[in-house]
Every structure is written in structure tokens, then in C-alpha cells.
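Quick note, the sequences are listed as chains A and B, same order. Counting with our numbering, you get residues 216 to 474 for the letters of the first sequence. Counting with our numbering, you get residues 329 to 591 for the letters of the second sequence.
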Amino acid sequence: MSVRQEHRGTQVTLRNVRKSFGSLNVLHDIQLNLKPGEFVAVVGRSGCGKSTLLRLIAGLEKPTDGVILIDSQAVSGIHSGTRVLFQDSRLLPWKRVIDNVRLGAPNKDRNLALEALRQVGLEEKAGAWPAVLSGGQRQRVALARALVGNPRLLLLDEPLGALDALTRIEMQALIERLWTEKQFTAVLVTHDVSEAVTLADRVLVIEDGRIGCEVKISLARPRERDSGFTHFERIILNRLLIREPQPDAEVGAGTNFSI
Amino acid sequence: MKKEKFRALARPVVWQPWVIPVLTLVLWQAFGSAGWLSGRVLPTPLEVAGALIDTIRDGVLLESVRVSTQRALTGFLIGGGLAFLLGLLNGMFPLAERFVDTSVQMLRTIPHLAMIPLVILWFGIGETSKLFLVALGVAFPIYLNTFHGIRSVDPGLIEMGKVYGLRGFSLFATVILPGALPDILLGVRYSLGIMWITLIVAETIAADAGIGYMAMHAREFMHTDIVVLCVLIYALLGKLADVAARTLERRWLKWHHRYLQNG
Numbered sequence: 216m217s218v219r220q221e222h223r224g225t226q227v228t229l230r231n232v233r234k235s236f237g238s239l240n241v242l243h244d245i246q247l248n249l250k251p252g253e254f255v256a257v258v259g260r261s262g263c264g265k266s267t268l269l270r271l272i273a274g275l276e277k278p279t280d281g282v283i284l285i286d287s288q289a290v291s292g293i294h295s296g297t298r299v300l301f302q303d304s305r306l307l308p309w310k311r312v313i314d315n316v317r318l319g320a321p322n323k324d325r326n327l328a329l330e331a332l333r334q335v336g337l338e339e340k341a342g343a344w345p346a347v348l349s350g351g352q353r354q355r356v357a358l359a360r361a362l363v364g365n366p367r368l369l370l371l372d373e374p375l376g377a378l379d380a381l382t383r384i385e386m387q388a389l390i391e392r393l394w395t396e397k398q399f400t401a402v403l404v405t406h407d408v409s410e411a412v413t414l415a416d417r418v419l420v421i422e423d424g425r426i427g428c429e430v431k432i433s434l435a436r437p438r439e440r441d442s443g444f445t446h447f448e449r450i451i452l453n454r455l456l457i458r459e460p461q462p463d464a465e466v467g468a469g470t471n472f473s474i
Numbered sequence: 329m330k331k332e333k334f335r336a337l338a339r340p341v342v343w344q345p346w347v348i349p350v351l352t353l354v355l356w357q358a359f360g361s362a363g364w365l366s367g368r369v370l371p372t373p374l375e376v377a378g379a380l381i382d383t384i385r386d387g388v389l390l391e392s393v394r395v396s397t398q399r400a401l402t403g404f405l406i407g408g409g410l411a412f413l414l415g416l417l418n419g420m421f422p423l424a425e426r427f428v429d430t431s432v433q434m435l436r437t438i439p440h441l442a443m444i445p446l447v448i449l450w451f452g453i454g455e456t457s458k459l460f461l462v463a464l465g466v467a468f469p470i471y472l473n474t475f476h477g478i479r480s481v482d483p484g485l486i487e488m489g490k491v492y493g494l495r496g497f498s499l500f501a502t503v504i505l506p507g508a509l510p511d512i513l514l515g516v517r518y519s520l521g522i523m524w525i526t527l528i529v530a531e532t533i534a535a536d537a538g539i540g541y542m543a544m545h546a547r548e549f550m551h552t553d554i555v556v557l558c559v560l561i562y563a564l565l566g567k568l569a570d571v572a573a574r575t576l577e578r579r580w581l582k583w584h585h586r587y588l589q590n591g
């Protein structure tokens, strides 16, 4: 336990967290504890509430009930040590790449921003406008911007969903390498089970706004797609697929709330 | 052989767009010189050029251009500035929009040139009446585009800005204003057109100086060449305003995909 405490990552605790939009219950009674430096993936069908869970942890939404603790302190609103990587890169098109990264740097430090760009392999694009970059490059710039301030908690909201298969694999390796180096706590929301198994220490399956099950991935890193990998992939997929047809009204309504 | 000549003509060359204008000028001059076109109806291009030289020599032209330009820009700054602030206010604060926007939209339906008789009753034919009309005319496009620009800033970018600790003015200056700028500049360009049209009408109806006054004064003495010259000067000033607006766009929106061909 003492080794864990030395990690830079934050500990995140959700206690009895419930979220509803109007009369619509999106998340019910979530109990969750993220250890410092842990990489947790959240998978589920669209509309299951997984994105809402991430937005709650990010402070972009407030829980209807319950508390969210970061390092044992209750937080409301956006936490300064937290960064979010969205599905779209959300670069400011009117700022050059380097200035977009500086947005995340302490005191807008240019050298730190350049160093962050170097870490994602894009230092030669520092002076470019975001509009000329490819989707994968934009996402790497967004990653540099998120990491330049050395966040203690990185939240990834399907950040690779819009990328092609090869770029995806490269980005996964990059995220894993940077996570290993910087030891932040990471939460990845994804609908891609193999991505979750590739990256996470623990995979949470969200079903109808609840944590349906939890799978610890005990594979060594970096992970190869061997029989062990397939084993975990199959466990999670089976769980997701069995629950497919749900005539329950709540599921149908929840589908509209994939944020 | 004939086919090849035709093909050579079909290729785009720099001079092609100028064929009709130049031909028109030549014919115009030829008709005037031959006496088929009365100088009172339409003076020849050379006569207009002569009027240009004369009015530059006696200083009337430059003084008129100075007076008109000053009026146009002052009116634009007053009306555009207020409209910009109002657009910002209503764009940023929904409560302000609830109170103000409907009233602005009602005023917008009044053609501002229809106010001329009333404005002359209020302010006479002095500077104030022209400034008032120009300010009123340019205000609406700038208000509407500023408001729309602010409202259509990508909410994802605003959320991102908040995650990065941007609040209040820094959020406004870093995300909201630059995001609204393409719309605002569109409003500015549209307003510059309205600015000249308003001024032309106002100066023609009631003025004691400026290009419109110069034209009406020349009309009284049947100086058709000066009248035509004034029309051309208005066209030139309008074009200049448009070039200025485009230059601003190219400078401030160089990140925009529209202007990004050269990286």
C-alpha cells in the first residue's frame, strides 16, 4: 500500500452516486474506488450511462445524489488536477498547435509545451494550424495538451473512437507509455472491448446505469493478443451481449442520453 | 487550323475579363466624340477624366471625399461599436437577450432610410442627421452577426476551456470572441456596404458638404461630367471599404480553412 501512495495519481471515490436528468435516471447508486495510478476502463452499450459517469468524475456534471471524493476530499465542479480527452480533439482552431498545448501548461510555458509535443511525436507541427492536421494528429496534440500540466487524473471519453484502426493501435501504445511514465490515474470510457483489455488494470461493465460487473485484467504489459487476452475479451463481450435485448423502459429511455 | 485558334481563345487568360469593359469605354468615347451622345445626357470618359483633374486642382474633390469619409467612418464607429457591445451582452447573458432582443428585432423591421424626413425634423441637415442615419443603418448587421456568432461558438470548446481553468474574461478572450469573429467580420463587411449607401442617400437629399452635395450642386449647373465623376467616386470608396474588410478577414481569420491554402 505504501508503494501506491507514492504514485502521482489521485484516488477517486464515488459513494452512492446517482444521476438523473429530469425524471430520467441515468446512473443508480454507483460505488466506485479508483486507486492512485490505476487504469480503469468503463465499457457498456451506448446509452448505458458510461459517458455520464466520466462527466461526473470530471466535474462537468453534478451528481443528483451521493458524493465524489478526490483524494478523500469532496469535490464539486472541475478539479484543477483533472484533464479530459474528449472524442473530438477540441483544439482551438485559431491557435497554432503549440499555443493549444500551452493552454494546458503551467504559466503557459512554451518549453514545457514543446516537450509535451515531443512526447507525442509532433514537435515538428508546433507552428501548424489545427485545421491542417489529420484526425490522429489532432488527438495527439489534445493528448499533449492534457498531459503538459502533469495531471493526476486523466479522463478519456472514447478518445480514439473516430480514428482508423492503425492510428488507434498507435495511440493506445502512446497512451499506455505515457501512463506508465507519468503514473496518473486514468479512466477510459470506450465501447471497444479489446481497447479496454489492452489498456486497463480493471474493466467495469456498466449495465442500465449500474456497475454490472468488474473484471481485473491480470495480463503483463504491453499486452499481446494471445489466448489470455482473448479470454478476458470473451468474458467481457459475453457479459455485454447477454444483456442485449432489454424490454425494460429505462434502457430505451437511457439510450437518448449517450453524451 | 480554325479549331486550334478557337482552342487558344478558350484557355483562361488574364485579359479576357477586361474585353467588355474596355470595349464599352472605347465605344462610349467614340459615340460621344461623334456627337451621337449629348454631353448633358452622358459625358464621354475623357470629359469625366477632365472633371476629375479640375476638381482635384480646385480642391473640391478631396475636401468632399474627406468630409464624406469622415462621416461614414464616424457613423460606422458609433453605430457599429454600440451594436457590437449590445450583441456581446445579449450573446453572453440570456437574461439581457430576454429583455432586449425582441425590441431590437422590432426596430430592425423599420427601413432606416424611411426615417430621413423624421431625422431632418429632429436634427436638421447638419452632421448629426447623417451620423445618426449611418449609425442606425450599420448597427443591425453588426448586432445580429455578433449575437449569432457568440451563440454559435462550439459548446465543446467552451467546456474544454473550463476544464483548462479558463473563467470569465480569459474564457471570453481565448475561446468565445475568436470563435465569434468570423460572424462578426461578416457583419462588418455587410455594414460597410450599408454605410456608403446610407450616406449617399442622406447626402443627396440633405447636405452642405460631401460627395453627395458635390453631385447635387453640379446637377444644378448641369455639370453632368461632375455628377458622373461623383458616382464613380462612390463606387471606388465602396470597393475600398470592401477590400479593407477582406484584408481584415485574411489577417484575423488566417487559421480558418477558407484562408489556409498556403498553411
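All C-beta atoms in this analysis are idealised placements derived from N, C-alpha and C, irrespective of residue type, glycine included.
Min CB distance residue i to chain B below 7 Å
i	result
residue 474/A	Because residue 474/A sits at a pLDDT of 39, beneath the cut-off of 50, its placement in the model cannot be relied upon, and the point is left open.
residue 370/A	no
residue 252/A	no
residue 401/A	no
residue 346/A	yes
residue 462/A	Here the model assigns residue 462/A a pLDDT of 49, short of 50, so the residue's position is not dependable and the matter cannot be decided.
residue 309/A	yes
residue 285/A	no
residue 495/A	In the structure as shown, chain A begins at 216 and stops at 474. Residue 495/A is therefore absent and cannot be evaluated.
residue 293/A	yes
residue 319/A	yes
residue 220/A	Residue confidence for residue 220/A is low, a pLDDT of 42 falling below 50, so the modelled location carries little weight and cannot support an answer.
residue 299/A	yes
residue 353/A	no
residue 270/A	no
residue 325/A	no
residue 436/A	no
residue 225/A	no
residue 305/A	yes
Any chain A beta carbon closer than 7 Å to residue i
i	result
residue 476/B	no
residue 491/B	yes
residue 506/B	yes
residue 485/B	yes
residue 588/B	yes
residue 488/B	yes
Beta-carbon gap between residue i and residue j smaller than 7 Å
i	j	result
residue 300/A	residue 357/A	yes
residue 379/B	residue 564/B	no
residue 392/A	residue 428/A	no
residue 319/A	residue 364/A	yes
residue 232/A	residue 285/A	no
residue 249/A	residue 257/A	no
residue 474/B	residue 512/B	yes
residue 403/A	residue 452/A	no
residue 177/A	residue 331/A	With chain A covering only 216 through 474, there is no way to say anything about residue 177/A.
residue 462/B	residue 544/B	no
residue 306/A	residue 353/A	yes
residue 450/A	residue 430/A	yes
Cβ-Cβ separation, residue j to residue i (assumed contact under 8 Å), whole Å
i	j	result
residue 483/B	residue 515/B	The Cβ separation is near 22 Å, so there is no contact.
residue 539/B	residue 396/B	5 Å
residue 394/A	residue 401/A	6 Å
residue 259/A	residue 422/A	7 Å
residue 580/B	residue 308/A	About 13 Å separates the two Cβ atoms, so there is no contact after all.
residue 346/A	residue 585/B	5 Å
residue 478/B	residue 415/B	7 Å
residue 568/B	residue 399/B	Not a contact, Cβ separation roughly 15 Å.
residue 234/A	residue 242/A	4 Å
residue 417/B	residue 411/B	In fact, because the Cβ distance is near 11 Å, the residues do not count as touching under 8 Å.
residue 554/B	residue 383/B	7 Å
residue 529/B	residue 441/B	6 Å
In chain order, what are the residue ranges of uninterrupted beta strand (DSSP E) at least 3 long that sit wholly in the stretch 353-382 of chain A?
368-372
Whole alpha helix (DSSP H) runs in the stretch 507-550 of chain B with 4 or more residues, listed along the chain?
539-548
Output needed in chain order: residues of the stretch 574-585 of chain B with a Cβ under 9 Å from some Cβ in chain A.
580, 581, 582, 583, 584, 585
Please list the segments of the alpha helix (DSSP H) lying wholly inside the stretch 401-427 of chain A, counting only runs of 4 or more residues, in order along the chain.
As for any alpha helix (DSSP H) of minimum length 4 sitting wholly inside the stretch 401-427 of chain A, the runs are 408-414, ordered along the chain.
Quick check on the DSSP output: what are the complete beta strand (DSSP E) runs of length 3 or more inside the stretch 271-315 of chain A, in order along the chain?
280-285, 297-300
Short of 9 Å Cβ to Cβ, which residues in the stretch 516-537 of chain B face chain A?
none
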